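Visitor: Dumping the structure here so I can ask a few things about it.
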Amino acid sequence: MFKKQTSLTSGSVAGGMLTFAIPIFLSNLFQQLYNAVDSLIVGNFLGGQALAAVGSSGSLIFLLTGFVNGVSLGAGVLVARYYGARDGENLKKAVHTTVALGVAAGLVLTVVGVALTPQILRWMGTPADVIDQSIVYFRVYFMGCIAVVLYNVGASILQSVGDSRSPMFYLIAASLLNVVLDLLFVAGFGMGVGSAAFATILSQLLSAFLAFRKLGRADGAYAVHWRDVRFDGPTLRAVVAQGLPSGVQNSVISLANVIVQANINAFGSNAMAGCAAYSKVEGFAFLPVTCFSMALATFVSQNIGARQPDRVRRGMRFGVLSSTLLAEAIGVGIFLLAPLLIGAFNNQPEVVGFGVRQARTAALFYCLLAFSHCCAGILRGLGRPVIPMAVMLAVWCVLRISYITVAVRILPEIGVIFWAYPLTWGISSLLFGWYLAHATLPSPGGGAQQHLTHLDA
């Protein structure tokens, strides 16, 4: 029922975490590559306005899907806890309740996304020369977004039981299919931005199918049987308790990013295209951030379930140090190569200028971004998702929006918007560092709690 090779509760801490994190890194690398290829093909074959329409999609898409993805992450922590504790009955209930929640949420997102896309884009101040293509792209995307939701649910379950390799293979397959379809639809047939969204949905359908085929064939309590997919009341409450803070956090932060995007939109389509190109480049800096944040949440949760506090501490120090160093190394590379990287998406001087400026404002501070996300992952693994939600809502949402609202009025220049990110990353890092330095480990079986060591690896 519980395969030893998928457990993170024994063996080398560094080796176990790297074995788990590297496939997530490669998965996200391929996803980022195909997102970049998406924009490269659109920008070079359909022009700067099409690039602006597609590239500015991230904040709006994440606004509507971020809640579900956050709940999936929280549910994954619960699955990992039961898996680490070898609690097969509750593990089965958690898996099937999570899948049921994903199906329901995917259907709701489809309706809401298709219906509200035009109004949200207008609220964002999308320029008139871009909005028609943006509406087409978003509506096609949301017509198939249930595939995106289900893949994230399936991948979260697999990763929670220690299997990060299978989602990697599925995402690689989807990435390759997406590139082929982009070249066929956009470059070959000249079908427009809607075809780029359609290619993304078809590729996500493939990855979702592969993930649930794997779960359906699994030999263990985490196997998915569609006849058993239903809501279990107590388990649903536990899933919501773990996942709701992360879902709210994702949604509100993405709402803040939509507001930031609206401020960028006010500087015109060249600024939109340049910042869209930068966002694709920045995605590569998120690779070590995402993989170690997810690895830490699963590692900590499994070892809390297995009652191994010393192993939790060692894993925390190794994960945070590795993520921050890798993110900073990538940031230095982006800082130095920014003109070349931005210019690959669109070679108009104005577009390149905006993208390079944003890159050189933020890139050297990626270590702070990595530290904050790793701390959030640790706290989710400890069963304290409300803390990262509170910190990120206060700093990455309220403070970021307040700063931009005031600063742009004082100095109506796009550079003040770019500085919002490193400033808020730094403040959240200070708050997370202070909290973890004074936090205690939960004791799942009762008994005294143990004080955490400082993150001074």
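For what it's worth, the numbering used here labels the leading residue of the sequence shown as 1, then goes sequentially. Beta carbons are placed, not taken as given, at the ideal position from N, Cα and C, and that holds for glycine. Treat the numbers as computed from the prediction; the structure is a model and nothing was measured.
Express the C-alpha separation of His-438 and Met-143 in angstroms, rounding to a whole number.
Guide: If I take the Cα positions, the gap works out to 46 Å.
Visitor: Out of Val-260, Asn-250, Leu-158, Leu-337, point me to the one whose CA is closest to Asp-219's CA.
Guide: Of the listed residues, the one whose Cα sits closest to Asp-219 is Leu-158.
Visitor: Going residue by residue through the region 120-188, where are the continuous alpha helix (DSSP H) segments of at least 4 residues, counting only ones entirely within it?
Guide: Counting whole runs of 4 or more residues, the region 120-188 contains the alpha helix (DSSP H) stretches 128-143, 145-160, 165-182.
Visitor: How would you label Trp-425, buried or exposed, when you count the other beta carbons within 10 angstroms and need 16 or more for buried?
Guide: Trp-425 comes out buried.
Visitor: Return helix, strand or coil for Leu-101, following the three-state DSSP convention.
Guide: Helix.
Visitor: Does the region 409-418 come within contact of the region 381-389, defined as at least 3 CB pairs closer than 8 Å?
Guide: Verdict: no, contact absent.
Visitor: I need the boundaries of the alpha helix (DSSP H) containing Leu-215, first residue and last residue.
Guide: Per DSSP, Leu-215 belongs to the alpha helix (DSSP H) from 193-217.
Visitor: Using 8 Å for Cβ pairs, my map puts Gln-358 next to Phe-418. What's the rounded Cβ distance?
Guide: Indeed, because the Cβ distance is near 5 Å, the residues count as touching under 8 Å.
Visitor: How would you write the range of the alpha helix (DSSP H) that Cys-397 sits in, first residue to last?
Guide: Looking at the DSSP string, Cys-397 is not in any alpha helix (DSSP H), and its letter there is neither H nor E.
Visitor: By how many angstroms is the C-alpha of Ala-196 removed from the C-alpha of Cys-291?
Guide: Between Cys-291 and Ala-196, the C-alpha separation is close to 26 Å.
Visitor: So is Gln-119 buried or exposed if we call it buried at 16+ other beta carbons inside 10 Å?
Guide: Label assigned to Gln-119: exposed.
Visitor: Quick check on the DSSP output: the alpha helix (DSSP H) that includes Glu-350 runs from which residue to which?
Guide: 349-362 is the span of the alpha helix (DSSP H), which, as asked, contains Glu-350.
Visitor: Taking 8 Å as the threshold, find out whether the region 309-320 comes into contact with the region 349-368 through three or more Cβ pairs.
Guide: At 8 Å Cβ cutoff, the stretches do not touch.
Visitor: Quick check: the region 233-240 against the region 164-173, are at least 3 beta-carbon pairs closer than 8 Å?
Guide: No, the region 164-173 is not in contact with the region 233-240.
Visitor: Can we say the region 132-149 touches the region 278-286, given the rule of at least three CB pairs closer than 8 Å?
Guide: As far as the Cβ criterion goes, the region 132-149 does not touch the region 278-286, which means the pair count is below three.
Visitor: Using the three-state DSSP reduction, which class does His-225 fall into: helix, strand or coil?
Guide: Reduced to three states, the DSSP call for His-225 is coil.
Visitor: Taking its Cβ as the centre, do 16 or more other Cβ atoms sit within 10 Å of Arg-400, making it buried, or is it exposed?
Guide: So Arg-400 ends up on the buried side.
Visitor: Looking only at its chain, what residues have a beta carbon closer than 7 Å to the beta carbon of Ala-155, apart from the 5 residues adjacent to it on each side?
Guide: Cβ within range, chain order: Pro-167, Ala-211.
Visitor: Looking only at its own chain, which residues have a Cβ that is under 7 Å from the Cβ of Phe-345, when we skip the five neighbours before and after it?
Guide: Correct list, in chain order: Ser-39, Leu-40, Gly-43, Leu-51, Ala-277, Lys-280.
Visitor: Between the C-alpha atoms of Arg-307 and Phe-25, what's the straight-line distance to the nearest angstrom?
Guide: Their Cα atoms are separated by approximately 28 Å.
Visitor: Taking the continuous alpha helix (DSSP H) assigned at Ser-372, which residues delimit it?
Guide: Residues 366-381.
Visitor: Quick one: give me the first and last residue of the alpha helix (DSSP H) that Pro-339 is part of.
Guide: Taken as a continuous stretch (DSSP letters only), the alpha helix (DSSP H) holding Pro-339 covers 309-343.
Visitor: Look up Glu-89 in the DSSP assignment and say whether it is helix, strand or coil.
Guide: In this structure, Glu-89 counts as helix in the three-state DSSP scheme.
Visitor: Quick check on Leu-46: does DSSP put it in helix, strand or coil?
Guide: Looking at Leu-46 - three-state DSSP - the assignment turns out to be coil, as it is neither helix nor strand.
Visitor: In whole angstroms, what separates the C-alpha of Pro-339 from that of Ala-285?
Guide: Roughly 17 Å between the two C-alpha positions.
Visitor: Which same chain residues, not among the five before or five after Ser-372, have their C-beta less than 7 Å away from its C-beta?
Guide: The answer, listed in chain order, is Trp-425, Ser-428, Ser-429, Phe-432.
Visitor: Following the continuous alpha helix (DSSP H) through Ser-10, name the residue where it begins and the one where it ends.
Guide: Counting along the chain, Ser-10 falls outside any alpha helix (DSSP H), and DSSP gives it neither H nor E.
Visitor: From which residue to which residue does the alpha helix (DSSP H) around Ala-277 run?
Guide: Where Ala-277 is concerned, the enclosing alpha helix (DSSP H) stretches over 269-282.
Visitor: According to DSSP, is Arg-384 part of a helix, a strand, or is it coil?
Guide: Correct three-state label for Arg-384: coil.
Visitor: Contact between the region 240-258 and the region 83-97: three or more CB pairs below 8 Å?
Guide: Contact between the region 240-258 and the region 83-97 is absent, because fewer than three Cβ pairs lie under 8 Å.
Visitor: Whether or not the region 66-74 and the region 247-256 are in contact is what I'm after, with contact meaning three or more pairs of Cβ atoms, one per stretch, closer than 8 Å; do they touch?
Guide: Output reads yes: the region 66-74 touches the region 247-256.
Visitor: Kindly indicate which three-state DSSP category Pro-288 falls into: helix, strand or coil?
Guide: In the structure shown, Pro-288 sits in a helix (DSSP, three-state: H, G or I).
Visitor: Hey, how far is the Cα of Arg-122 from the Cα of Val-179?
Guide: Those two C-alpha atoms are separated by around 30 Å.
Visitor: Take every Cβ of the region 295-307, pair it with every Cβ of the region 360-369, and state whether three or more of those distances are shorter than 8 Å.
Guide: No, because fewer than three Cβ pairs between the region 295-307 and the region 360-369 fall closer than 8 Å, the two stretches do not touch.
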